[in-house]
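S.K.: Structure in structure tokens, see below.
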Amino acid sequence: MIPALFFLFITSCYAYPTTVPNHTLSGTTVCSSASALAKNLIVTLSTDTPTKGENVSTIFDFDLDVPITGGTAYYSATLNGFPYSSRAPLCDETLKSGDPCPLLVGHHHQVSTSENTVSGKLVVKITWNDPSGAEILCTQITTKTA
Numbered sequence: 001m002i003p004a005l006f007f008l009f010i011t012s013c014y015a016y017p018t019t020v021p022n023h024t025l026s027g028t029t030v031c032s033s034a035s036a037l038a039k040n041l042i043v044t045l046s047t048d049t050p051t052k053g054e055n056v057s058t059i060f061d062f063d064l065d066v067p068i069t070g071g072t073a074y075y076s077a078t079l080n081g082f083p084y085s086s087r088a089p090l091c092d093e094t095l096k097s098g099d100p101c102p103l104l105v106g107h108h109h110q111v112s113t114s115e116n117t118v119s120g121k122l123v124v125k126i127t128w129n130d131p132s133g134a135e136i137l138c139t140q141i142t143t144k145t146a
């Protein structure tokens, strides 16, 4: 059941494009290397203390100097200390946020909203790599629910 909850939360990180007020919270950390292809990455959440059943929006803002034609999105998570990981084709994930591949040169604003289906402390690390394995971006998101 826990993997199913993680799958729902993690894969829905890019489920539905929407517009929400942005709040930069201490629950997000950029872990991209200096050579990452996405520049000026800013990650914001609508809340880092959601209640179970509350919608949570994740917003990625970044700039690309080169187009991205594909790759892999890697998700590594812990819920109350229990680990889970998955991966998905990058273009499938970005399409869910209304930003289909190829990701063109320029600024990208991706918003995704999903229902919080878990309780406790959730730490999710998201890493995108292009088809050659070069890092596009990396972020870690931490939330705590009651």
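Here the UniProt record's numbering is used: position 95 in the sequence shown is 95, and no number is missing along the way.
All residues carry an ideal CB built from backbone N, CA and C; glycine is no exception.
1. Would you mind giving the Cβ-Cβ distance between residue 127 and residue 135, rounded to the nearest angstrom? I have them listed as a contact below 8 Å.
2. Below 7 Å CB to CB, which residues in the same chain sit around residue 99 once its five sequence neighbours on both sides are set aside?
3. Check whether the stretch 117–131 touches the stretch 62–70, counting contact only when three or more Cβ pairs, one atom from each stretch, lie closer than 8 Å.
4. From the DSSP output, read off the bridge partner residues of residue 102.
5. Does DSSP put residue 78 in a helix, in a strand, or in coil?
6. Indicate the three-state DSSP secondary structure (helix, strand or coil) for residue 37 in the structure shown.
7. Measure the beta-carbon distance from residue 106 to residue 63 and round it to whole angstroms, keeping in mind my assumption that it falls under 8 Å.
8. May I ask you to list the residues that DSSP assigns as paired with residue 135?
M.R.: Checking against the coordinates, here is how it stands:
1. 7 Å
2. 108, 110
3. yes
4. BP columns for residue 102 are empty, so no partner.
5. strand
6. coil
7. 7 Å
8. 129
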